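>
Have a look at this one:
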């Protein structure tokens with residue numbers, strides 16, 4: 001099959017990141033064609049939320065997006081690699097189901113998101129009130145893993161929806177993709193933000209820098225997006241992102257202005273204040289509402305998707321705030337001194 | 001009477017708590033005579049008057065706890 005692709009295709013894509021343990025090392029070596037896949041015991045023993053397992057899973061998933069330089073594109077559908085991915089996913093999903101608080105109804109799960117805390121303590125509150133430029137840069141580097149493919153994991157749900165839910169989901173995704181204008185694709189707006197912050201906009205550039213908690217948030221989206229059986233949870237995930245985005249984005253836009261990060265940096269979040277105030281309504285009423293009209297048995301999955309998104313976002317927030325309050329980097333490998341080059 | 005037989009009424013969704021949802025694009029004339037435009041497929045118009053991006057909803061209607 002490899003012969004069917006132009007040779008150069010195998011060399012495009014971001015560089016493979018450094019391994020973070022035996023599991024990710026084995027997957028990495030195997031992708032490069034220089035070693036066997038990890039044995040089942042290695043998958044069974046690695047800490048489920050740790051760097052090693054999360055990176056190994058991330059490497060498997062990335063083959064469905066842009067792949068890696070030096071890795072044959074058709075490894076995406078390599079049955080042996082998919083078998084390893086399934087074992088990693090089983091560990092991840094089992095842990096997530098055990099750790100996610102259970103809500104009786106979708107409305108219960110949503111209700112917690114639809115109020116604003118008077119005294120907020122999240123990452124956006126911290127960055128708004130006292131965030132320094134180096135912390136905004138770290139935040140952007142971490143989030144770049146998702147925002148440079150913003151809305152992509154959710155696009156996979158489209159063939160699994162129909163009627164009202166499908167039309168609404170496609171409309172929101174169209175907005176995420178710039179409404180037909182390449183300069184307004186949200187991933188492009190995020191790249192512009194990164195440029196303002198003196199960061200490299202190359203896809204995958206900060207995979208080495210991202211902490212395990214960030215990898216887990218992106219792995220969750222890929223997990224839910226790639227499995228039709230998890231379509232309810234994917235929709236719950238999307239709703240959570242859209243509902244929480246608008247107020248959080250307002251605070252992040254303020255943080256960008258207070259630190260003079262630059263106009264594109266502020267614009268990315270300004271755009272999300274307005275866009276996501278609309279998306280939230282459409283996703284709740286038409287995507288969730290439409291899906292549950294057709295498939296009411298998916299309600300517990302939608303609630304799970306809402307709960308699990310909060311779980312992993314809270315773990316990431318703990319990691320970021322604990323590090324920053326101690327004056328430490330939140331990253332797995334700190335950014336180098338590129339900040340000196342900001343004009 | 002519609003202006004043309006092809007004109008379909010524009011759908012506006014009303015909620016007891018939350019913005020008016022209007023099929024876009026829309027042009028809104030403000031009190032001072034200025035106009036603002038949104039070309040989204042749907043537009044959320046603030047009804048609580050608390051939005052910092054009035055007339056667009058910014059979710060400021062949410063209860064604070």
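Protein chains in written order, with full-length UniProt numbering: chain A, 1 to 343; chain B, 1 to 65.
Using N, Cα and C, we set each Cβ at its ideal position, and we do this for glycine too.
Model, not experiment: these values are computed from the prediction.
Can residue 90 of chain A be considered in contact with the ligand ZN, in the sense that its beta carbon sits closer than 6 angstroms to one or more heavy atoms?
What this structure holds is no ligand at all, so the ligand ZN is not there to describe.
> On the DSSP bridge assignment, give the partners of residue 38 of chain B in chain order.
The partner list for residue 38 of chain B (beta bridge, DSSP) reads B/26.
> Cβ closer than 9 angstroms: which chain A residues qualify as neighbours of residue 19 of chain B?
Result: 277, 278, 281.
> How far does the alpha helix (DSSP H) with residue 144 of chain B in it reach, from first residue to last?
Only positions 1 to 65 of chain B appear in this structure, which leaves residue 144 of chain B out of reach.
> Given that a residue counts as buried once 16 or more other Cβ atoms are within 10 Å of its Cβ, and exposed if not, what is residue 5 of chain A?
Low confidence applies to residue 5 of chain A: its pLDDT is 45, below 50, so where it sits in the model is not reliable, and the reading given next is rough at best. So residue 5 of chain A counts as exposed.
> Can a CB atom of chain A be found closer than 7 angstroms to the CB of residue 48 of chain B?
No, no contact with chain A.
> Going along the chain, which residues of its own chain have a beta-carbon closer than 7 angstroms to the beta-carbon of residue 249 of chain A, five neighbours each way excluded?
Here the set comprises 269, 272, 273, 276.
> Could you check whether the Cβ of residue 6 of chain A sits closer than 7 angstroms to any Cβ belonging to chain B?
Only weak support is given to the placement of residue 6 of chain A: the predicted model assigns it a pLDDT of 46, under 50, and the value that follows is read from those uncertain coordinates. By this cut-off, residue 6 of chain A is not an interface position.
> Near residue 153 of chain A, which residues of its chain fall below 6 angstroms by C-beta distance, leaving aside the five closest residues on each side in sequence?
Cβ neighbours of residue 153 of chain A beyond the five flanking positions: 221, 222, 225.
> Taking only beta carbons into account, state which residues of the segment 100-116 of chain A come closer than 9 angstroms to chain B, listed in chain order.
The segment 100-116 of chain A vs chain B, Cβ under 9 angstroms: 114, 115, 116.
> Tell me whether residue 302 of chain A is buried or exposed, calling it buried when 16 or more other Cβ atoms sit within 10 Å of its Cβ.
The residue is buried, with at least 16 neighbouring Cβ atoms inside 10 Å.
> Using only alpha-carbon positions, find the residue among A/71, A/165, A/198, A/332 that is nearest to residue 214 of chain A.
Considering only alpha carbons, the answer is A/332.
> For chain A, check one thing: does any of its Cβ atoms lie closer than 7 angstroms to the Cβ of residue 40 of chain B?
Answer yes: the Cβ-Cβ gap between residue 40 of chain B and chain A drops below 7 angstroms somewhere.
> Identify the residues that DSSP records as bridge partners of residue 115 of chain A: which are they?
For residue 115 of chain A, which the question treats as bridged, DSSP gives the partners B/63.
> How about residue 34 of chain B and residue 26 of chain B: are their beta carbons less than 7 angstroms apart?
In this structure, residue 26 of chain B does not lie closer than 7 angstroms to residue 34 of chain B by Cβ.
> What are the start and end residues of each continuous alpha helix (DSSP H) run of 4 or more residues lying completely inside the segment 31-103 of chain A, in chain order?
Complete alpha helix (DSSP H) runs here, min 4: 40-45, 51-62, 79-99.
> According to the Cβ coordinates, are residue 146 of chain A and residue 84 of chain A closer than 7 angstroms?
No, these two residues do not count as a Cβ contact at 7 angstroms.
> Determine whether the Cβ of residue 274 of chain A lies closer than 7 angstroms to any Cβ atom of chain B.
Yes, residue 274 of chain A lies at the interface with chain B (some Cβ there is under 7 angstroms from its Cβ).
> Go through its chain and collect everything with a Cβ distance to residue 96 of chain A's Cβ below 6 angstroms, but skip five positions before and after it.
Contacts found: 308.
> Under 9 angstroms, CB to CB, which of the residues in the segment 51-63 of chain B have a partner in chain A?
For the segment 51-63 of chain B, which is checked against every Cβ of chain A, the residues closer than 9 angstroms are 51, 52, 53, 56, 57, 58, 59, 60, 62, 63.
> Please list the residues of the segment 225-250 of chain A that have a C-beta atom closer than 7 angstroms to any C-beta atom in chain B, keeping them in chain order.
Flagged, chain order: 246, 247, 250.
> Against chain B, with Cβ distances strictly below 7 angstroms, would residue 168 of chain A count as a contact?
Not an interface residue.
> Would you verify that the beta carbon of residue 65 of chain B is, or is not, closer than 7 angstroms to some beta carbon of chain A?
So yes, residue 65 of chain B belongs to the interface.
> Can you check DSSP and say which residues form a bridge with residue 12 of chain B?
Residue 12 of chain B is bridged to B/22.
> Mind listing, in chain order, the continuous alpha helix (DSSP H) runs of no fewer than 4 residues lying wholly within the segment 166-224 of chain A?
Correct list: 186-196.
> Mind listing the chain A neighbours of residue 43 of chain B? Cutoff is C-beta to C-beta under 7 angstroms, in chain order.
By Cβ distance, chain A contributes 278.
> Provide the residue span of the alpha helix (DSSP H) that contains residue 246 of chain A, from first to last.
From DSSP, the alpha helix (DSSP H) with residue 246 of chain A extends over 231-258.
> Which stretch, first to last residue, makes up the alpha helix (DSSP H) that contains residue 276 of chain A?
Looking at the DSSP string, the run of the alpha helix (DSSP H) that includes residue 276 of chain A is 263-282.
> On the three-state DSSP scale, how would you describe residue 134 of chain A?
Three-state result, residue 134 of chain A: helix.
> Identify whether residue 6 of chain A lies in helix, strand or coil by the three-state DSSP scheme.
Caution applies to residue 6 of chain A, whose pLDDT of 46 falls short of 50 and renders its modelled position unreliable; the model cannot decide the point.
> What whole-angstrom Cβ distance do residue 136 of chain A and residue 261 of chain A have, given they're in contact under 8 angstroms?
So it is a contact: roughly 6 angstroms between Cβ atoms.
> What are the start and end residues of the alpha helix (DSSP H) that includes residue 324 of chain A?
Here the alpha helix (DSSP H) through residue 324 of chain A covers 299-325.
> My understanding is that residue 13 of chain A touches residue 69 of chain A, with C-beta atoms under 8 angstroms, so please give their C-beta distance in whole angstroms.
5 angstroms between Cβ atoms; contact.
> Are any of the Cβ atoms in chain B nearer than 7 angstroms to that of residue 118 of chain A?
Yes, because at least one Cβ of chain B sits closer than 7 angstroms to the Cβ of residue 118 of chain A.
> Expressed to the nearest angstrom, what Euclidean distance is found between the alpha-carbon atoms of residue 242 of chain A and residue 304 of chain A?
Those two C-alpha atoms are separated by around 16 angstroms.
> In the DSSP assignment, what are the bridge partners of residue 56 of chain B?
Note: residue 56 of chain B sits in a beta bridge opposite B/45.
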